[in-house]
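Notes follow the structure.
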Amino acid sequence: MKRSGSHLERVFDPFFSTQPERIGLGRSIARQIVDFHGGPVQVERQAGQGGMFHILLPIRANPCAG
């Protein structure tokens, strides 16, 4: 995600990529997984370097019994 400034609002869109050889599903799938577990995904622009992604997954107080 080298051009993150102009594309930051679209980074989680399915099939969005600035690189033609990429499919553009990884970030979208990652966000869906984190959303399913109730956590946030945030991205911040790193000037000249792309973006930094922050993923937080909540810890459940009562984990499911196996």
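Under our numbering, the sequence shown has 44 at position 44, and the numbering climbs by one with no breaks.
Here a beta-carbon is modelled for each residue, glycine too, at the ideal position from N, C-alpha and C.
This one's a predicted model, so the numbers in the text were calculated from it and none came from an experiment.
Legend entry - 8 Å Cβ shell around P58 - same chain, five flanking residues per side excluded: Along the sequence shown, one-based indexing puts residue 58 at 58. So the qualifying residues of the chain are H37, G38, G39.
Legend entry - Beta-carbon gap between F12 and G24 smaller than 7 Å: On the sequence shown, position 12 is the one that residue 12 refers to. On the sequence shown, position 24 is the one that residue 24 refers to. Using a Cβ distance threshold of 7 Å, F12 and G24 do not count as a contacting pair.
Legend entry - Buried versus exposed call for R27 [16 or more other C-beta atoms within 10 Å across all chains shown]: Mapped onto the sequence shown, residue 27 falls at position 27. With 16 or more other Cβ atoms within 10 Å, it is buried.
Legend entry - Those residues which DSSP pairs with H54 across a bridge: Taking the first residue of the sequence shown as 1, we reach residue 54 at position 54. BP columns for H54 point to Q42.
Legend entry - Reduced DSSP category for I29 - H, G, I as helix; E, B as strand; rest coil: Your numbering for residue 29 matches position 29 in the sequence shown. The answer is helix: DSSP assigns I29 an H, G or I state.
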